[in-house]
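K.L.:
Under the numbering used here, the first residue of the sequence shown is numbered 948, with each subsequent residue one higher.
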Amino acid sequence: MANRIMLNETSYHGAGAIQEIANEAKARAFKKAFVCTDPDLIQFKVAAKVTDVLDKENLDYEIYSDIKANPTIENVQNGVAAFKKSGADYIIAIGGGSSMDTAKAIGIIIANPEFEDVRSLEGVAPTKKPCVPIIAVPTTAGTAAEVTINYVITDVERKRKFVCVDPHDMPVIAIVDPDMMASMPKGLTASTGMDALTHAIEGYTTKAAWEMTDMFHLKAIEIISKSLRGAVNNTQEGREGMALGQYIAGMGFSNVGLGIAHSMAHTLGAVYDTPHGVACAMMLPIVMEYNAECTGEKYKEIAKAMGVEGVDAMSQEEYRKAAVEAVRKLSQDVGIPAKLEALKEEDLDFLAESAYADACCPGNPKDTCVEDLKDLFRKLM
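#1: Between the Cα of Ile1170 and those of Val1258, Gly1140, Leu1135 and Gln1279, spot the shortest distance and give me the residue it belongs to.
#2: Scan the segment 1091-1121 and note each continuous beta strand (DSSP E) run of 3 residues or more that stays entirely inside, going in chain order.
#3: Quick test of the definition: if touching needs 3 or more C-beta pairs under 8 Å, does the segment 1182-1199 touch the segment 1278-1297?
#4: Comparing C-alpha positions only, which one of Val1317, Glu1300 and Lys1326 sits nearest to Lys1106?
#5: Select from Phe1030, Gly1042, Asp1036 and Ile1056 the residue whose C-alpha is nearest the C-alpha of Val1131.
#6: Determine the contact status of Ile1081 and Ile1014, defining contact as a CB-CB distance below 9 Å.
#7: Touching or not, the segment 1200-1210 and the segment 1299-1316, by the rule of three or more beta carbon pairs under 8 Å?
#8: Is it a yes or a no for the segment 1254-1261 touching the segment 1222-1242, going by three-plus beta-carbon pairs under 8 Å?
#9: Kindly identify the DSSP beta-bridge partner or partners of Ser958.
#10: Nearest to Phe1030 by alpha carbon, out of Glu1004, Ile1168, Ser1045 and Pro1060?
#11: Would you report the Cα separation of Ala1302 and Thr1101, rounded to the nearest angstrom?
#12: Under 7 Å Cβ to Cβ from Lys1245, same chain only, skipping five residues before and after it: list those, please.
#13: Can you have a look at Met1229 and say buried or exposed, based on whether 16 or more other CB atoms are within 10 angstroms of its CB?
#14: Quick check: the Cα distance between Thr1214 and Arg1066, rounded to an integer number of angstroms?
#15: Let me know the secondary structure DSSP gives Ala1072 once reduced to three states.
#16: Strictly by DSSP, which residues pair up with Val982?
#17: Could you check what DSSP says for Ala1083 in three-state terms: helix, strand or coil?
#18: Pick out whichever of Ala1092, Val1094, Lys1268 and Phe1200 has its Cα sitting closest to the Cα of Thr1145.
#19: Do you know how far the Cα of Ile965 is from the Cα of Asp1126?
#20: For the pair the segment 1272-1291 and the segment 1071-1088, tell me if three or more CB-CB distances fall below 8 Å.
#21: Thinking C-beta only, is Asn955 closer than 9 Å to Met1162?
#22: Mapping the DSSP letters down to three states, classify Thr1019 as helix, strand or coil.
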């Protein structure tokens, strides 16, 4: 079987990269942007950094901000209707995974109207056409949605999140500008950073991993481990490191998938509205312990990438434990809780069944079952 790598057509990295938006829009003869962003980014003038670039170059745009932290089917439907009225011919997505996931779903449905039922996009939908061109501008260092073929939508009615995997949704351009991330509060920096680490570790250990994605993921683990504490303290070096590390993780996991830490995090987000990065951070060390027996020597490389000393002299049991503890320590250092107070015993059946049905579950290195997932959820109580 051939291994596939899909990345952006073009990506820009570094402080001031947002200035390239105007150049790309002009070069591609785009007429009007549909700017997808969330209300907080408008309130705190973060989105204005991009719209100021458009204003300066007299580029037309319309803003759409009906986007929740865990974007819903309704957010997408309203966005599709707004796009149709706008006369726009491309999308600029400004924000974290929420804005970019909403933009991807809108762009896919506009180009493939036969999928206007948002639920029909779950899994690997057989869309025929690339979505409306997207310029993705992340404001968080975590989701890497700007370089992935994945997006996640919340079905409020059914209390579940569903993952959509579609090569047609890849943003044509990614603008990874650490200055766009400088206003992130500590808690959001920590949670999105741990999401990025989860991407890197799950992508490295997933069943579909191979040499090229291993290269991406190990480098991402190294950069994130060195940078996240600094980013939480708002150092320039930390912010720049996280901007790069999370993107590199996305280059890998988008092409090979994830595992049950993400399956379980999706479920916690749908049921309790737990922030995705927090849920990932809580689940990651628990899932790593569960998966250890099926990972060969990979935890040795994870421990090394995270800066653990003396790894080569350790036994397999010791380096596996060291890798898990390094993850747990980083999560603790950046203020992520280890327990979820909202979790209830009576919810475990639904949580486990939902996680088992999640699109990320099959990629887990260790085959699982509903009962095992219940036991893993219980460790958060």
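Note that CB positions come from ideal geometry on N, CA and C, so glycine has one too.
P.N.:
By the coordinates alone:
#1: Gly1140
#2: 1097-1102 and 1107-1112
#3: no
#4: Glu1300
#5: The displayed chain sequence assigns Met, not Val, to residue 1131. Here the closest residue by C-alpha is Gly1042.
#6: no
#7: yes
#8: no
#9: Ala1121
#10: Pro1060
#11: 14 Å
#12: Tyr1151 and Thr1152
#13: buried
#14: 16 Å
#15: coil
#16: Ile1010 and Ile1039
#17: strand
#18: Phe1200
#19: 9 Å
#20: no
#21: no
#22: strand
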